[in-house]
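J.:
Protein chains: 2
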Amino acid sequence: MSPSLRASLPGRVGSARRPSSAARAYEVAKERLLDGSYAPGTLLSENELARELGISRTPVREAFLQLEAEDLLTLYPRRGALVKPISPSEADDVFEARLLIESHCAARVAADSSDVAGALRASVADQERALQDGGTPFVLADREFHRLIVAANGNDLLTRQYDALRDRQQRIAVTAVGRDPGRVAGFIAEHAAIAEAIEQRDPEAAAQRMAAHLHNAHELARRRHR
Amino acid sequence: MSPSLRASLPGRVGSARRPSSAARAYEVAKERLLDGSYAPGTLLSENELARELGISRTPVREAFLQLEAEDLLTLYPRRGALVKPISPSEADDVFEARLLIESHCAARVAADSSDVAGALRASVADQERALQDGGTPFVLADREFHRLIVAANGNDLLTRQYDALRDRQQRIAVTAVGRDPGRVAGFIAEHAAIAEAIEQRDPEAAAQRMAAHLHNAHELARRRHR
DNA sequence: TGAACACATCTTGCATACAAGCTGTTCCTC
DNA sequence: GAGGAACAGCTTGTATGCAAGATGTGTTCA
Chain A
456 MSPSLRASLP
466 GRVGSARRPS
476 SAARAYEVAK
486 ERLLDGSYAP
496 GTLLSENELA
506 RELGISRTPV
516 REAFLQLEAE
526 DLLTLYPRRG
536 ALVKPISPSE
546 ADDVFEARLL
556 IESHCAARVA
566 ADSSDVAGAL
576 RASVADQERA
586 LQDGGTPFVL
596 ADREFHRLIV
606 AANGNDLLTR
616 QYDALRDRQQ
626 RIAVTAVGRD
636 PGRVAGFIAE
646 HAAIAEAIEQ
656 RDPEAAAQRM
666 AAHLHNAHEL
676 ARRRHR
Chain B
456 MSPSLRASLP
466 GRVGSARRPS
476 SAARAYEVAK
486 ERLLDGSYAP
496 GTLLSENELA
506 RELGISRTPV
516 REAFLQLEAE
526 DLLTLYPRRG
536 ALVKPISPSE
546 ADDVFEARLL
556 IESHCAARVA
566 ADSSDVAGAL
576 RASVADQERA
586 LQDGGTPFVL
596 ADREFHRLIV
606 AANGNDLLTR
616 QYDALRDRQQ
626 RIAVTAVGRD
636 PGRVAGFIAE
646 HAAIAEAIEQ
656 RDPEAAAQRM
666 AAHLHNAHEL
676 ARRRHR
């Protein structure tokens, strides 16, 4: 520890950095965890992924540790890495947490003099384009819209927690809800209504519309899942 | 990946397991991060801690990676591990998130037929003992009380997020608020009032008292800090 | 004086080696 | 056939070695 070295540390120059092996292993593993290729309940081994990626166990191990910190894996000593099973209540838990955070942030953003309205309008337009010609997948555009609102509140902790929530939700929602064009149009309309409430500085309406919107999505997902 | 091995995996027998080197490194580093021995803004090196603990760099590296995932460290490639500086807004951010989660959970727990009332009463008694003869440090008893309420809500995601919040708060609050006996008595009384609202199944009162309590604590900490 | 280059020294990133724990199987004994 | 010891094959946990990036310093040259 050198107490005086706090000089210009975050001075990253833009020198296009080749991603490290550990970063690649992390990305690959995480994608598979989220899209279900690594099914919940299966046991992974470091060697397997290492061989597949043509790297050694070390960076793979680092990736697994990071994923365990995100609660997507459970490492059993000398057994392997278990893909965390999805608990029966997990969908409801994610919903509860999203409702809490997003309603709050919608109200706060509407109350503050935040200038996020433009970005929200742009995002809604993006979603409509996704519905029409399918440019950006709607699921991504949806995630972006909601994230904008949370991030606009300016609380980094909440934003981080929210990102983790969306990761978990993506893992659960293998049955991508956002495919049904009829439903998608409805969601976009709800987004527009939320954006409008924020633009007009109406915190109560913003929170209420957000809550109603999340309820709708959750209900739909639940009905689909039976 | 062996899809059929999902047998009796979490079958840990109670064979008193010696903690791994990585676990020890993690505990030591985390404690120092939280109690301020590793001051924000300083640069750590893996070698240093490894030598100190008499282990190799590998487990130390694992610990650092985990702590980066918790957002307590930032790893700079080939530079070292920077103890994350405490942002100016961090205390407010933690407060906002705690207020959100804990008010919600207090109301929910009061509404549900949860039988956490006994544990809460016991915790309050513990706090009073801490105030008298100083058995358990009050800070710990306080954390336990609040955690009980959040955990009683039964949402593992929220509980995890809450634990992370308390870690961060502990890192900020080097000026341990819980030392002033006069103030502590007041906090305990507020705890008792919250517990009472939960026991009497009054969600509104529970949430309101929790919010007021957190406000008081936050205000006190802020006044102290100037 | 000042700029640039070489170098010594720190750091991490990754590969590799080896020990040790866990599991299932085989084989032996009764 | 039943119980158990020995073993083979997997897994991870950790130490170690080496290459390469980052930084500060000193030397050289103008």
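Sequences listed follow chains A and B, in order. Counting from 456, one number per residue, gives the positions in the first sequence under the numbering used here. Counting from 456, one number per residue, gives the positions in the second sequence under the numbering used here. Glycine included, C-beta positions come from ideal geometry on N, C-alpha and C. Note that the structure is a prediction, hence the values are computed from the model and not measured.
Applying a beta-carbon distance threshold of less than 9 Å, which residues of chain A neighbour L759 (chain B)?
T.: The structure shown does not extend to residue 759 (chain B), since chain B is modelled only from 456 through 681, so no value can be given for it.
J.: Could you check how far apart the C-beta atoms of A478 (chain A) and L504 (chain A) are, in whole angstroms? I think they sit under 8 Å.
T.: In the first sequence, the residue the question calls residue 478 (chain A) occupies position 23. In the first sequence, the residue the question calls residue 504 (chain A) occupies position 49. So it is not a contact: roughly 14 Å between Cβ atoms.
J.: Quick check on this structure: which residue in B:A565, B:V605, B:P636 has the alpha carbon closest to the alpha carbon of V594 (chain B)?
T.: Translated into the one-based positions of the second sequence, residue 594 (chain B) becomes position 139. The shortest Cα separation from V594 (chain B) among B:A565, B:V605, B:P636 belongs to B:P636.
J.: If we cut at 7 Å on Cβ distances, does Q616 (chain A) have a partner in chain B?
T.: The residue labelled residue 616 (chain A) in the question sits at position 161 within the first sequence. Yes - at least one Cβ of chain B is within 7 Å of the one on Q616 (chain A).
J.: Got a sec: is the Cβ-Cβ distance from G466 (chain A) to anything in chain B below 7 Å?
T.: Counting from 1 along the first sequence, the entry for residue 466 (chain A) is found at position 11. At G466 (chain A) the pLDDT is 42, less than 50, meaning the model places this residue with poor confidence; the figure from the coordinates comes in the next sentence. No - not a single Cβ of chain B is within 7 Å of the one on G466 (chain A).
J.: Does any residue of chain A have a CB that is nearer than 7 Å to the CB of R461 (chain B)?
T.: If you number the second sequence from 1, residue 461 (chain B) lands on position 6. At R461 (chain B) the pLDDT is 37, less than 50, meaning the model places this residue with poor confidence; the figure from the coordinates comes in the next sentence. Interface residue, yes.
J.: As a quick exercise: from A:H559, A:D547, A:L499, pick the residue whose alpha carbon is nearest that of P532 (chain A).
T.: Residue numbering aside, residue 532 (chain A) sits at position 77 when the first sequence is read from its first letter. Nearest C-alpha to P532 (chain A): A:L499.
J.: Grab the span of the beta strand (DSSP E) containing G491 (chain A) for me, first residue to last.
T.: One-based indexing of the first sequence puts residue 491 (chain A) at position 36. Unbroken run through G491 (chain A): none, as it is neither H nor E.
J.: Distance, Cα to Cα, R487 (chain B) vs I510 (chain B)?
T.: Numbered from its first residue, the second sequence carries residue 487 (chain B) at position 32. Numbered from its first residue, the second sequence carries residue 510 (chain B) at position 55. For R487 (chain B) and I510 (chain B), the distance between alpha carbons rounds to 18 Å.
J.: Have a look at R679 (chain B) and L528 (chain B) and give me their C-alpha separation to the nearest angstrom.
T.: Against the second sequence, residue 679 (chain B) aligns to sequence position 224. Against the second sequence, residue 528 (chain B) aligns to sequence position 73. In a straight line, the C-alpha of R679 (chain B) is about 27 Å away from that of L528 (chain B).
J.: Which of helix, strand or coil does DSSP assign to V639 (chain B)?
T.: Mapped onto the second sequence, residue 639 (chain B) falls at position 184. DSSP places V639 (chain B) in helix when its eight states are reduced to three.
J.: Tell me which same chain residues have a C-beta within less than 6 Å of the C-beta of L530 (chain B), skipping the five on either side of it?
T.: Here the question's residue 530 (chain B) lines up with position 75 in the second sequence. So the qualifying residues of the chain are E523, A536.
J.: Quick one: list the residues of chain A neighbouring L555 (chain B), beta-carbon separation under 9 Å, in chain order.
T.: Stepping through the second sequence from its first residue, residue 555 (chain B) is reached at position 100. What L555 (chain B) touches in chain A: L555, I556, H559, L613.
J.: Where does the unbroken alpha helix (DSSP H) through T614 (chain B) begin, and where does it stop?
T.: Residue 614 (chain B) sits at position 159 when you count from the first residue of the second sequence. T614 (chain B) -> alpha helix (DSSP H) spans 611-627.
J.: From the beta carbon of N610 (chain B), is the nearest beta carbon of chain A less than 7 Å away?
T.: If you number the second sequence from 1, residue 610 (chain B) lands on position 155. Judged by the 7 Å Cβ criterion, N610 (chain B) is in contact with chain A.
J.: What separation, rounded to the nearest whole angstrom, lies between the Cα atoms of S459 (chain A) and T497 (chain B)?
T.: Counted from its first residue, the first sequence places residue 459 (chain A) at position 4. Counted from its first residue, the second sequence places residue 497 (chain B) at position 42. For S459 (chain A), the pLDDT reaches just 34, beneath the cut-off of 50, and the residue's location in the model is therefore unreliable, although a value from the coordinates is still provided. Approximately 7 Å between the Cα atoms of the pair.
J.: Return the residues of the stretch 531-548 of chain A that lie within a Cβ-Cβ distance of less than 9 Å from chain B, sorted by chain order.
T.: Flagged, chain order: Y531, P532, R534, G535, L537, V538, P540, S542, S544, E545, D547, D548.
J.: Near A546 (chain B), what residues of its chain come up, given a Cβ to Cβ distance below 6 Å and the 5 sequence neighbours on each side ignored?
T.: Within the second sequence, the letter at position 91 stands for residue 546 (chain B). Cβ neighbours of A546 (chain B) beyond the five flanking positions: I627.
J.: Looking at the structure shown, is L527 (chain A) part of a helix, part of a strand, or coil, going by DSSP?
T.: To locate residue 527 (chain A), count along the first sequence from 1; it is residue 72. If DSSP states are grouped into helix, strand and coil, L527 (chain A) belongs with coil.
J.: Closer than 7 Å, CB to CB, is E501 (chain B) near chain A or not?
T.: Your numbering for residue 501 (chain B) matches position 46 in the second sequence. For E501 (chain B), the answer is no, since every Cβ of chain A falls outside 7 Å of its Cβ.
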